[in-house]
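Down below is the structure, laid out as structure tokens.
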Amino acid sequence: MVALALGAASWGLLGLLDGNLIRTAQTDAERQAIATAGLAAEGRLDPVLAPDRGTDFLQVVDAQGRVLAASPNLAGRPALSTHRSGTPGTVRGTWNGSPVREEHRQRVVQVTTPTAQGLVTVYAGTSLREADAADETITAALAITVPLLVLTVAVVTWRVTGWVLRPVEAIRAEVAEISDRDLHRRVPVPNSQDEVARLAVTMNTTLDRLESAGIRQRQFIADASLELRSPITVLRTQLEVAQAHPDPALWGELVSGALEDTVRLQDLASDLLLLARLDAAEPPPTAAVDLTEVVREAARSRRQDRISVHMEIAPEVTVRGSTLWLARLVTNLLDNAQRHADHRVLLSLRIDEAHNTAVLEVGDDGPGIPVTDRERVFERFTRLDDARSRHQGGTVSAWPSPVTSPPTWAARSASRTRERAPDSWPDFRWTRPGARTVRGAPPEQGHGQA
């Protein structure tokens with residue numbers, strides 16, 4: 006493109022120069038041709054014509070082609086042209102040098118005018134040797150200058166482009182070397198504060214997200230393996246005992262224990278599948294769910310439990326979500342509360358009229374969770390080495406669920422807190438916007454224990 010542009014500019018410059026020189030020569034020749042035609046019309050034409058400055062030759066020819074007058078350099082020569090104009094007028098043109106025996110071009114002005122003897126034609130011409138010389142000089146100069154200029158532009162463009170793209174190449178090379186085992190590496194960010202720098206920042210942000218995802222995945226695998234190892238170990242021990250002591254009297258107890266551990270494994274696998282679905286960032290369910298019935302059913306199944314569940318449930322509370330996930334939410338909260346309660350658990354469902362939200366609260370009279378851990382308990386697979394877990398051998402396992410995992414549907418579509426007032430039970434509070442209930446209906450009260 007640069008070569009084409011320079012070539013077009015060169016030809017344009019050459020044409021402008023040539024045109025200007027031709028117009029200057031034509032002006033001088035036309036002025037003397039008109040003056041000579043006037044003398045011929047007046048009958049005062051001298052047979053030998055003296056060209057003025059700017060004119061190289063003159064010749065006057067009548068209608069029959071006879072030369073009536075000429076400049077000394079054309080003396081004795083025939084008419085310059087065999088063409089005769091039948092009407093008065095002026096004709097301008099450029100001839101090659103052969104009619105006047107010149108090697109350069111000639112700019113000729115032909116003026117035809119009437120006289121007493123008839124029409125006569127005056128030829129006045131100027132050599133374009135200066136224009137030809139200038140054209141040759143400029144053409145030679147351009148033939149050398151344009152290629153050098155094109156080469157210079159190409160070299161400068163190549164160097165500048167290489168300098169500009171050097172940060173891009175550094176980014177590309179770094180990204181090409183990053184594998185799944187070294188996601189901690191980052192691409193260099195130039196100080197140019199331009200598009201390349203913004204590209205590097207965006208690339209590093211993407212690498213940050215990839216590294217975080219890898220860390221979460223590895224942590225998830227490690228935590229899931231830890232949770233699965235315990236029931237698998239217990240199940241294996243029971244099977245080994247059954248194999249070592251083939252006593253039919255023990256089979257019933259062993260089978261019951263193995264079945265219990267198998268159910269636990271099944272529940273853990275279901276939880277892992279649920280977490281995988283939640284991490285897929287699928288849109289949350291929006292079906293209408295009778296939250297009152299979900300809460301009531303979760304409490305009803307605990308009537309024979311050692312720790313009683315005291316209920317205060319507002320009737321016909323409806324929210325949008327997933328029945329399965331909401332049931333898992335209530336179940337996990339009640340499991341946690343019963344595991345750490347001293348005597349009883351409080352389960353409350355009400356409507357916050359001011360904010361049009363459903364409020365689910367689960368509390369217990371246990372020792373509570375330290376303030377420093379009240380946010381950490383919502384993380385997946387969190388274990389607290391606390392006396393609160395005295396019924397479970399010294400650890401608290403917050404198995405992943407819609408309430409214990411911030412990225413899950415419950416956290417995305419609602420809010421949850423873990424709080425404890427100085428004079429009250431510790432409790433979990435979960436709120437969901439857009440709740441509806443029957444106006445004027447009294448809350449249902451009772452105990453989950455028969």
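For the sequence shown, the residue numbers in this note's numbering are 6 to 455.
Ideal Cβ positions, reconstructed from N, Cα and C, are used throughout, including at glycine.
This one's a predicted model, so the numbers in the text were calculated from it and none came from an experiment.
Could you have a look at residue i and say whether DSSP puts it in helix, strand or coil?
| i | result |
| --- | --- |
| residue 197 | coil |
| residue 93 | coil |
| residue 367 | strand |
| residue 154 | helix |
| residue 345 | helix |
| residue 235 | helix |
| residue 172 | helix |
| residue 296 | helix |
| residue 69 | coil |
| residue 358 | coil |
| residue 63 | strand |
| residue 22 | helix |
| residue 84 | coil |
| residue 123 | strand |
| residue 13 | helix |
| residue 262 | helix |
| residue 246 | helix |
| residue 253 | helix |
| residue 53 | strand |
| residue 272 | helix |
| residue 188 | coil |
| residue 384 | coil |
| residue 43 | helix |
| residue 230 | helix |
Pick from the options: whose alpha carbon is nearest that of residue i?
| i | options | result |
| --- | --- | --- |
| residue 229 | 191, 280, 258 | 280 |
| residue 26 | 38, 112, 93 | 112 |
| residue 383 | 435, 273, 354 | 435 |
| residue 91 | 72, 109, 115, 100 | 115 |
| residue 272 | 221, 299, 336 | 336 |
| residue 4 | 41, 324, 124, 190 | Any property of residue 4 remains undetermined from this structure, which presents the chain solely from 6 to 455. |
| residue 95 | 86, 60, 84, 118 | 118 |
| residue 328 | 376, 301, 307 | 301 |
| residue 370 | 433, 357, 363, 334 | 433 |
| residue 362 | 437, 354, 257, 294 | 437 |
| residue 53 | 42, 68, 73 | 73 |
| residue 332 | 242, 101, 210, 306 | 306 |
| residue 303 | 78, 338, 347 | 338 |
| residue 269 | 290, 183, 240 | 240 |
| residue 144 | 21, 218, 252 | 21 |
| residue 124 | 308, 348, 203, 93 | 93 |
| residue 217 | 253, 196, 190 | 190 |
| residue 197 | 159, 168, 260, 358 | 168 |
| residue 201 | 40, 174, 183, 132 | 174 |
| residue 58 | 321, 141, 188, 33 | 33 |
| residue 98 | 261, 159, 31 | 31 |
| residue 9 | 158, 81, 121, 71 | 158 |
Could you tell me whether the Cβ of residue i comes closer than 7 Å to any Cβ of chain C?
| i | result |
| --- | --- |
| residue 351 | No chain C is present in this structure, which holds just one protein chain. |
Around the C-beta of residue i, are 16 or more other C-beta atoms found within 10 angstroms, so that it is buried, or is it exposed?
| i | result |
| --- | --- |
| residue 186 | exposed |
| residue 206 | exposed |
| residue 37 | buried |
| residue 350 | buried |
| residue 150 | exposed |
| residue 56 | buried |
| residue 163 | exposed |
| residue 330 | buried |
| residue 368 | buried |
| residue 224 | exposed |
| residue 222 | exposed |
| residue 176 | buried |
| residue 326 | buried |
| residue 276 | buried |
| residue 138 | exposed |
| residue 374 | buried |
| residue 172 | buried |
| residue 469 | Beyond the ends of the chain as shown, which are 6 and 455, falls residue 469; an answer cannot be given. |
| residue 398 | With a pLDDT of only 34 at residue 398, under the threshold of 50, the placement of this residue in the model should not be trusted; the figure read from the coordinates follows. Per the 10 Å Cβ criterion, exposed. |
| residue 156 | exposed |
| residue 110 | buried |
| residue 60 | buried |
Who are residue i's beta bridge partners in DSSP?
| i | result |
| --- | --- |
| residue 74 | 65 |
| residue 100 | 111 |
| residue 129 | 63, 114 |
| residue 48 | Paired residues: none, contrary to the question. |
| residue 325 | 293 |
| residue 438 | 362 |
Cβ contact (3+ pairs, closer than 8 Å) linking the segment 125 to 132 and the segment 63 to 74: Remark: three or more beta-carbon pairs, one from each stretch, lie closer than 8 Å, so the segment 125 to 132 and the segment 63 to 74 are flagged as touching.
Validate contact between the segment 232 to 243 and the segment 265 to 285 using beta carbons, cut 8 Å, 3 pairs: yes
The segment 311 to 323 touching the segment 337 to 354, judged by at least three CB pairs closer than 8 Å: yes
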